[in-house]
Structures are given as structure tokens and as C-alpha cells.
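Here's the structure we're looking at; comments come further down.
Residue numbers (my numbering): 589 to 713.
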């Protein structure tokens, strides 16, 4: 508005008076200031109550098992040593190791039968 750049406000139409644009801009600025004040006051009240603010640095608790899905069985054989035994053998690449683990019937840490190369590389990490 100050630089005389023409623009269109879709809610107000093409022939809106510049004075009305200034009024709406002033109201929006005032609303922003009020929201800021309310937020600061709410944060101060929460601090006075002793509420911990911000992100927690500890790990989240594991989710409880959903009743509609059975929990996967833990693998009998630990996958990481199996991956290391395949490394010097046929294929040193993650894709070959994943294929060998699947052929051997080793399950992933989550209990799946299908291995992805990314899983193998994370285990070998």
C-alpha cells in the first residue's frame, strides 16, 4: 500500500477503498499483539504452576499392543550376528545379505519375514 503496488484482496473485491485496507491491516496487527500477550500470560501461568514446558529429552514410552493386531514373536536368532556372518560370504552388499537372511528364514527385529537392504545396513551400522 505504501509503495503503490496494486494488489487484490479476494474477500473485499477489486474496488475496495485504500482506507478500508488500512483499517483491516490495523485490526490484524492489533489481533496479533493480543494473541501474543495471551500466549505470554498463559506460559507464565503454566510456569508458576510448575508445568514443564518444551520438548522432553527422554524417549517416549513404547506404545501398548493394539488388541486387533497380535504382537510379533521375537526372533529366536539375533539378526545382527547373522548379518555379520553373511558379510564376508557371497555378497558383501546389503541387498545380498538381505536376500540371504530371507532364504535362511531369519525374521527381522519386528518379526517380519522380508528383509530390506536398509534394515541390514542399519544393523551393521
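From the three backbone atoms N, C-alpha and C, an ideal C-beta is built for every residue, glycine too.
Exercise. Count the other C-beta atoms from every protein chain shown that fall within 10 angstroms of the C-beta of residue 664, then say buried if there are 16 or more, exposed otherwise.
Key: Because the pLDDT at residue 664 is just 47, under 50, the model does not fix this residue reliably, and the value given afterwards should be weighed accordingly. When all chains shown are included, residue 664 counts as exposed.
Exercise. Pick helix, strand or coil for residue 693, following the three-state DSSP scheme.
Key: Residue 693: coil per DSSP, three-state reduction.
Practice problem: Report all residues from its chain with a CB closer than 8 Å to the CB of residue 706; omit the five preceding and five following residues, and keep chain order. | Solution: Here the set comprises 682.
Quiz item: How would you write the range of the alpha helix (DSSP H) that residue 627 sits in, first residue to last?
Solution: Residue 627: member of the alpha helix (DSSP H) spanning 606-637, first to last residue.
Quiz prompt | Buried versus exposed call for residue 630 [16 or more other C-beta atoms within 10 Å across all chains shown] | solution = Label assigned to residue 630: exposed.
Quiz item: Under a three-way DSSP split, which group does residue 708 fall into?
Solution: Helix, per DSSP.
Quiz item: Is the beta carbon of residue 701 sitting closer than 7 Å to the one on residue 692?
Solution: No; because the gap between Cβ atoms is not below 7 Å, this pair is not in contact.
Quiz item: Should residue 597 go down as buried or exposed, given a rule of 16 or more other Cβ atoms within 10 Å for buried?
Solution: That one is exposed.
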